[in-house]
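In our numbering, the protein residues as written are 39 to 211.
The beta carbon of each residue, even a glycine, is placed where N, CA and C say it ideally should be.
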Amino acid sequence: MEPTLPEPTLREPTMRVAMLRGPGRVDVCDVAAPAPGPDEVVCEVDFCGICGSDLHLVLEGWARPGTWQGHEWVGRVAAVGENVTAWRPGDAVVGGPSERCGRCVMCRAGRPALCEERDAPGQTATTGAFATRIVVRATELLALPAGLDRRRGARRAARGCAARSDPGRRGGG
Ligand SMILES: [Zn+2]
Ligand SMILES: [Zn+2]
Numbered sequence: 039m040e041p042t043l044p045e046p047t048l049r050e051p052t053m054r055v056a057m058l059r060g061p062g063r064v065d066v067c068d069v070a071a072p073a074p075g076p077d078e079v080v081c082e083v084d085f086c087g088i089c090g091s092d093l094h095l096v097l098e099g100w101a102r103p104g105t106w107q108g109h110e111w112v113g114r115v116a117a118v119g120e121n122v123t124a125w126r127p128g129d130a131v132v133g134g135p136s137e138r139c140g141r142c143v144m145c146r147a148g149r150p151a152l153c154e155e156r157d158a159p160g161q162t163a164t165t166g167a168f169a170t171r172i173v174v175r176a177t178e179l180l181a182l183p184a185g186l187d188r189r190r191g192a193r194r195a196a197r198g199c200a201a202r203s204d205p206g207r208r209g210g211g
């Protein structure tokens, strides 16, 4: 049964994250809560899966210390940037893939899931959904299908990621 979750709020000036300190070391700590840029959305994270990529990023030090991972998540829109018209506070969403480059060999072959420029939280400047909130580009969200509970939605996001990732590439998907 789906647990009752608090309504999205931006009152808190901080959010809680599971921050990578070094290979195999994660601390739960509070950091400043994000505000959305003009084309971005801030979401409350309800559930986040743990992907095989996260294990490499955290346990083997693929990600940089001071970042947090997590990219298979479900949540609710809390705030939108001034240019965002596709989402409204309260919308139930699934974190989609990071933006694709559209130029690399895989993108041009019609396989954007394997984009060579795709991001894994913590390998670049971005951070992930092992946090109570996440800020993403509005184009990186998908609507949670009606009738699908949030916990199941996060599980399906993880399955989709596994089915579409490239096992030969670091930071898979
Ligand atoms: Zn690409
Ligand atoms: Zn994944």
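Within the continuous alpha helix (DSSP H) that includes residue i, where are the two ends?
i, result
"C145", "V143 to R146"
"F92", "Correcting the residue identity first, residue 92 is Asp in this sequence and not Phe. Run containing D92: G90 to L97, per the alpha helix (DSSP H) assignment."
Using a Cβ-Cβ cut-off of 8 Å (strictly less than) and excluding sequence neighbours within five positions of residue i, which residues of its own chain qualify?
i, result
"E98", "P61"
"T170", "M53, R54, V55, E82 and V83"
"E50", "A71"
Any chance the CB of residue i is under 7 Å from a heavy atom of ligand 2?
i, result
"H94", "no"
"E155", "no"
"E78", "no"
"E178", "no"
Any heavy atom of ligand 1 within a distance shorter than 7 Å of the CB on residue i?
i, result
"E137", "no"
"R141", "yes"
Per DSSP, residue i is paired with what?
i, result
"L58", "V64"
In terms of residues, what are the limits of the beta strand (DSSP E) holding residue i?
i, result
"R149", "That residue, R149, is in no beta strand (DSSP E); it is neither H nor E in DSSP."
Could you tell me whether the stretch 146-153 touches the stretch 87-102, where touching means 3 or more Cβ pairs closer than 8 Å?
Fewer than three beta-carbon pairs drawn from the stretch 146-153 and the stretch 87-102 are found closer than 8 Å, and the two stretches are therefore not classed as touching.
Inter-stretch contact at 8 Å, needing at least 3 Cβ pairs: the stretch 59-76 / the stretch 127-134
Output reads no: the stretch 127-134 does not touch the stretch 59-76.
Three or more beta-carbon pairs under 8 Å between the stretch 135-149 and the stretch 74-87, yes or no?
Contact between the stretch 135-149 and the stretch 74-87 is absent: fewer than 3 CB-CB pairs across the two stretches fall below 8 Å.
Spell out a yes or no on whether the stretch 174-192 and the stretch 110-119 are touching, meaning 3 or more CB-CB pairs, one atom from each, closer than 8 Å.
The stretch 174-192 vs the stretch 110-119: in contact.
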